[in-house]
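Notes follow once the structure below has been shown.
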Amino acid sequence: MAVSWVGRPIKRKEDLRLIRGRGQYLADIKLPGMVHAFFVRSKHAHARLKSVDVSRALSVPGVVAAYSGADLLKLGMRELLIPELVNELPGTLRLPPSWPLAVDKVVFHGEPIAVILAETKYVLEDAAELVVIDYEPLPVITSVEQAMADDSPRVYESWPDNVIYREKMGGDATDAFAKADIIITERFEVPRTGASPMECRGVLTQWDDHSGLTHWTTTQRPHLLRQAISQVLDWPEQMVRVIAPKDQGGSFGTKAPHSREDFILALVARDIMRPVRWVESREESFRAGVGQERAQIHEIQIAARSDGKILALRDRCITDIGHGQQPVFMGVMYPRAGCFMITSFYDIPQAEIEIVCVVTNKPCLTPSRAFGSFPVRLAMDGAINRLARELDLDPLEVVRKNLVTVFPYVTATGNFLDSGDFVGGFDKLVETIDVASVRELQAKLREQGRFIGLGFGGETERSGVSSKAYVPRQRKPGYGVATVKVLNSGKIHVLVGDPPSGQSHETVISQVLADEFGVTPDDVRLDYGDTLSTPYGMGNVGNRMASYTVSAAVLAARELKKKIGLVAAHDLGIDASPDEFTFENGEIVWVKDREIRTQLRAVAVHLIECPIQLPQGTEPGLEHTAYFEPQNVPNMTGASFHCAVVEVMPETGVIKILRYVVVDDCGTPINPLVVEGQVQGGVVMGIGNTVFEEYVYNERGELQNTTLEGYMMPCAADVPHVETYDHSVPTPNNPLGTKGKGEGAPAPVSGALVNAVEDALRPFGVSITTLPLKPERVRAAIAAVVSPEAEAEPADWVEPIVREFAGEGEGYDVLAEMYRFYDGIQISLQPTWHPYVGQIRGWLRDFGQMLDRAAASPAVVDVLAQMFNGEREFAFQSDLDPGLAAQWDRLRNLPRPDGGHAYLDYILPALDSHEMLLVACSNVPFEGETK
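The number in this note's numbering is simply the position in the sequence shown, starting from 1, with 246 added.
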């Protein structure tokens, strides 16, 4: 019998070479005569360029060439936003001027102004210091409020205002709102966050007059980039070859746009006739805005009946898209895509949406996993949570009441839901989380002064988009395509145009075609991402792989199987049709008599090596290219249902995720292990975007956190075990019933966590409308309710809460004072980013946790009182631990930044307090511990 590989959680084929350090990334590629590139980037967020002089840089030994924008104009540089690279959208869109290398003006801090080439990368920064740029600074716009003000300066002087795009979506919801028993109005704001792949961008490019341009680059869309380079630089397309490296260290959408560096480096490589390589640094990546997305404000209204049934919604989405000069995407695509899917799996008959996108002096938004949906899910799921609270209903009951139950279904914005079982998936989530037990524990812990909460979030996700949707918007096809070859050895070779960046293409394709041909996954090879050898493809974007590319490979395989069956019947001398054969263990078996069989290799040899005595009309060879488009539907639809259980420490604002559960519909899961990895990775990204991450700009438009240390991505200790459960409904609209799983997992996290935090803090009446959920923001939200005036003074509101669950007495006075020191640091860090957050973060977290433990232990508090009064002798822990002493010396000696930071005033007493806590806790056993 044939072994079935689809549905088995086999280990990834890619992993062995990666864990052995044998990955083939762009930075591993070297060519003879290669030079290195460095970009000189703007020090102003908005300025005219009066002059750019690169001549002094050329005097540095080892520098080969240096170019300004004016120099590249002489080489044929053209604007980026040519008609072929601009979306055709139903709203009103303005096109800003756009050059790969700045010509006469810069519009964001970090915009490339000059490029320097050198024999070694070590001289590049020295040479860059010698480039002389004469700026004329212009007013800087850094917020939506500034951009939309009547008297605001313009990012582009010729425009009447700073609105780049405006669209009305859906219909008129006036009647539904008039019939509503209740209307919920709320404003949600999500800052710039997104994705930060392990590998930043990079390019290695060379030109020769015979073969043209060979361009290795970290891209998700090599075929589309080839077209773009040809169009923007006006070079013949057949003279441009784009290659995505074998491996890419993540992408999450960030490598889907056509980067200006691709065009610049192609031009200069042709000019000097030598290979040019550029590997982006993390700081460059951050300053260029790679992965910066979200940045949406939602002014949302929900109209509903008193039983919780939603009748309609209104939403005004305002987005700061940055400068807007990004080809194809332009920043406007993300809020548009998110709003298009705003109703998700909810049956909401009417929706009235307004989308307003404004330009500012920041980098243009770029794609990031969830593609516009992350802020939308917070707005929608958050508003439903508010609705339930106002009606005094369980939010989970309101969610269930509004789920779509009939398929196919078209939402009020036009989004197509092809298949699913939303009620079944949701019920499985509720059953798995055991809501009744959570509520029982919640009530018990509240009596002890601890606050836990439960929150729901969810999303539907489109699995690719067909040509019917793509062509009118991007003038690009939406089909999936694959070439499948059966080699004369009986092995399988597959070629696709879409390069992976961690999605397990090799494993998944191998499993699928192993089933089709009755071989093992090790008998299947996949190659991808080279425009010279692979079929034209849309790229690895938008959940396309499992639903579109895999489907094309299946169709190609099945065409080959027809040919193989025809030849097998001929060679075996039997009267059999091709569909009467099965493929098992490298053999072709006649189903009517399983004793009659032949080897797949034998038929392959006949067709490829010895193409004589073939059935009449049969051509030699065994390869086929197939295209897949779903019939009569624009897309397939997956779904995710998320539930979070969190604990919130009111006195510190710290959130601990106790449990996170996901029930997922990905259609037919080809490899459950890969699906689980996609879901878990997406949840971790969602936790980062919800709790920790934010790109912070000052009033001059300068990014303040240009390192991973400052950006504060989640650590392993911040992430819970993510429980994943399958509730898949295969789609009827492709051969295997598969749906994508690349986009959706991060987006529901925002709603799940925020709703869980609000549920935990319901005794305080707290509402959370702005991300991220950093401790200071959560604490300030509590303070605004418990004691509004407390926002100005650190921790005045903490003491009553401490006493509520800890008690009275001198020890608690000491503890409350310690909370003030802790809180003073937290609050003074809140208004602006500071350069020492990475040095403080770990210690502050430990201090806060130690305070929480102490407050819950009367014995520890007694010891603190004795120590404070001199009744108990003790030695500071740092006197006994040299490592701790060194760490705290660094904290004590932090330099004071310009303008001063109040947190430094609390460092010394907080360190002393932490020392006392360490000693006190070491002398008192806690519940479950022995001394």
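The beta carbon of each residue, even a glycine, is placed where N, CA and C say it ideally should be.
Treat the numbers as computed from the prediction; the structure is a model and nothing was measured.
Is F1114 a contact residue of the ligand MN, with contact defined as CB to any heavy atom under 8 Å?
Among the components modelled here there is no ligand, and therefore nothing to report on the ligand MN.
For R708, I'd like the list of residues in its chain whose CB is within less than 6 Å of its CB, leaving aside the five on either flank, ordered along the chain.
The residue you call residue 708 lines up with position 462 of the sequence shown. Excluding residues within five positions, the ones whose Cβ falls inside 6 Å are N881.
Could you name each continuous alpha helix (DSSP H) segment of 4 residues or more that falls completely within the stretch 634 to 686, going from the start of the chain to the end?
Entirely contained in the stretch 634 to 686, the alpha helix (DSSP H) runs reaching 4 residues are, in chain order, 641 to 647 and 668 to 679.
From D397, Y381 and Q688, pick the residue whose C-alpha is nearest to that of I387; which is it?
If you number the sequence shown from 1, residue 387 lands on position 141. Considering only alpha carbons, the answer is D397.
Which residues share a DSSP beta bridge with H739?
Residue numbering aside, residue 739 sits at position 493 when the sequence shown is read from its first letter. Answer is K731 and R771.
Quick check: the Cα distance between T952 and V1003, rounded to an integer number of angstroms?
The residue you call residue 952 lines up with position 706 of the sequence shown. The residue you call residue 1003 lines up with position 757 of the sequence shown. C-alpha separation (whole angstroms): 29 Å.
Give the C-beta separation of K987 and V921 to the nearest angstrom, bearing in mind that I take them to be a contact with Cβ-Cβ under 8 Å.
Numbered from 1 along the sequence shown, position 741 holds the residue referred to as residue 987. Numbered from 1 along the sequence shown, position 675 holds the residue referred to as residue 921. With a Cβ gap of about 6 Å, K987 and V921 count as contacting.
Taking a contact to mean a Cβ-Cβ separation below 9 Å, would you say R1178 touches G785 in this structure?
It is not possible to answer for residue 1178, since the shown part of the chain is limited to 247 through 1177.
Is the separation between the beta-carbon of V622 and that of A634 shorter than 9 Å?
Within the sequence shown, numbered from 1, the residue matching residue 622 stands at position 376. Within the sequence shown, numbered from 1, the residue matching residue 634 stands at position 388. In this structure, A634 does not lie closer than 9 Å to V622 by Cβ.
Please classify I820 as buried or exposed, where buried requires at least 16 other C-beta atoms within 10 Å of its C-beta.
In the sequence shown, residue 820 corresponds to position 574, counting from 1. Looking at its Cβ environment, which holds fewer than 16 other Cβ atoms inside 10 Å, I820 is exposed.
Using only alpha-carbon positions, find the residue among S527, E897 and L1164 that is nearest to A1026.
Indexing the sequence shown from 1 puts residue 1026 at position 780. Nearest C-alpha to A1026: E897.
Am I right that Y774 and V742 are in contact with their C-beta atoms under 8 Å? What's the rounded C-beta distance?
Residue numbering aside, residue 774 sits at position 528 when the sequence shown is read from its first letter. Residue numbering aside, residue 742 sits at position 496 when the sequence shown is read from its first letter. 5 Å between Cβ atoms; contact.
If we ignore side chains and look at the alpha-carbon of each, how far apart do D839 and V249 end up?
Within the sequence shown, residue 839 is the residue found at index 593, counting from 1. Within the sequence shown, residue 249 is the residue found at index 3, counting from 1. Whole-angstrom Cα-Cα distance: 19 Å.
May I ask you to verify whether the stretch 414 to 425 touches the stretch 642 to 662, counting CB pairs closer than 8 Å and requiring at least 3?
yes
Pick out whichever of A993, A360, V332 and L341 has its Cα sitting closest to the Cα of S312.
Here residue 312 refers to the residue found at position 66 of the sequence shown. According to the sequence displayed, residue 312 carries Ala and not Ser. Residue A360 is the option with its Cα nearest to A312.
Short of 8 Å in beta carbon distance, which residues of its chain neighbour T883, apart from the five on each side in sequence? Order them along the chain.
As a first step, residue 883 must be located in the sequence shown, where it is residue number 637. Correct list, in chain order: F662, L663, D664, S665, G666, T706, E707, R708, S709, T977 and K985.
Cutoff 9 Å: P918 Cβ touching any chain B Cβ:
Among the chains in the structure shown there is no chain B, since it carries only a single protein chain.
Apart from the five residues on each side of it in sequence, which residues of its chain come closer than 6 Å, Cβ to Cβ, to E545?
Residue 545 sits at position 299 when you count from the first residue of the sequence shown. R433 and R562, listed in sequence order.
Need the endpoints of the beta strand (DSSP E) that V1025 sits in, please.
For the purposes of this step, residue 1025 is taken as the residue at position 779 of the sequence shown. One point to set straight first is that residue 1025 is Arg, not Val, in the sequence displayed. It is not in any beta strand (DSSP E) - R1025 instead sits in the alpha helix (DSSP H) that spans P1021 to V1032.
So I588 is in the beta strand (DSSP E); what residue range does that whole segment cover?
Within the sequence shown, numbered from 1, the residue matching residue 588 stands at position 342. Segment: none, I588 is in no beta strand (DSSP E) and carries neither H nor E.
Reduced DSSP secondary structure (H/G/I, E/B, other) of M444
Position 198 of the sequence shown, counting from 1, holds the residue named residue 444. Looking at M444 - three-state DSSP - the assignment turns out to be coil, as it is neither helix nor strand.
Could you work out which residue in S1159, A991, G997 and A993 is closest to A1062 when comparing CA atoms only?
Translated into positions along the sequence shown, residue 1062 becomes position 816. The residue with the shortest Cα to Cα distance from A1062 is S1159.
Terminal residues of the continuous alpha helix (DSSP H) containing K320?
Working through the sequence shown from its first residue, we reach residue 320 at position 74. Per DSSP, K320 belongs to the alpha helix (DSSP H) from G315 to K320.
Beta carbon of S747, beta carbon of Q538: below 9 Å?
Position 501 of the sequence shown, counted from the start, is the residue given in the question as residue 747. Position 292 of the sequence shown, counted from the start, is the residue given in the question as residue 538. Going by C-beta atoms, S747 is not nearer than 9 Å to Q538.
Looking at Q572 and P491, is the spacing between their C-beta atoms short of 9 Å?
For the purposes of this step, residue 491 is identified with residue 245 of the sequence shown, where counting begins at 1. For the purposes of this step, residue 572 is identified with residue 326 of the sequence shown, where counting begins at 1. No, the pair does not count as a contact, with Cβ atoms beyond the cut-off.
So what does DSSP say about P978, is it helix, strand or coil?
Taking the first residue of the sequence shown as position 1, residue 978 is located at position 732. If DSSP states are grouped into helix, strand and coil, P978 belongs with coil.
Could you name each continuous alpha helix (DSSP H) segment of 4 residues or more that falls completely within the stretch 946 to 1024, going from the start of the chain to the end?
954 to 957 and 993 to 1006
Using the DSSP secondary-structure output, state which residues sit across from G699 in a beta bridge.
Looking up residue 699 in the sequence shown gives position 453. Bridge partners of G699: V892.
Cβ shell of Q1095 (< 8 Å), same chain only, five flanking positions each side left out
Within the sequence shown, the letter at position 849 stands for residue 1095. Excluding residues within five positions, the ones whose Cβ falls inside 8 Å are V900.
Suppose contacts are defined by Cβ-Cβ distances below 9 Å. Is F498 in contact with M1162 by that definition?
Position 252 of the sequence shown holds residue 498. Position 916 of the sequence shown holds residue 1162. The answer is no: Cβ separation not under 9 Å.
Let me know the secondary structure DSSP gives W836 once reduced to three states.
Within the sequence shown, numbered from 1, the residue matching residue 836 stands at position 590. DSSP places W836 in strand when its eight states are reduced to three.
Compute the distance between the beta-carbons of A1111 and V1060, then report whether it is under 9 Å.
Position 865 of the sequence shown, counted from the first residue, corresponds to residue 1111. Position 814 of the sequence shown, counted from the first residue, corresponds to residue 1060. Result yes, Cβ atoms of A1111 and V1060 sit closer than 9 Å.
Simplified DSSP state of F1051, which is helix, strand or coil
Looking up residue 1051 in the sequence shown gives position 805. Here the model assigns F1051 a pLDDT of 35, short of 50, so the residue's position is not dependable, and the following value carries that caveat. Residue state, collapsed to three classes: helix.
Where does Y725 sit, in a helix, a strand or coil, going by DSSP?
Counting from 1 along the sequence shown, the entry for residue 725 is found at position 479. Looking at Y725 - three-state DSSP - the assignment turns out to be coil, as it is neither helix nor strand.
Secondary structure, alpha helix (DSSP H): runs of 4+ residues fully inside the stretch 504 to 571:
Runs found: 506 to 518 and 528 to 534.
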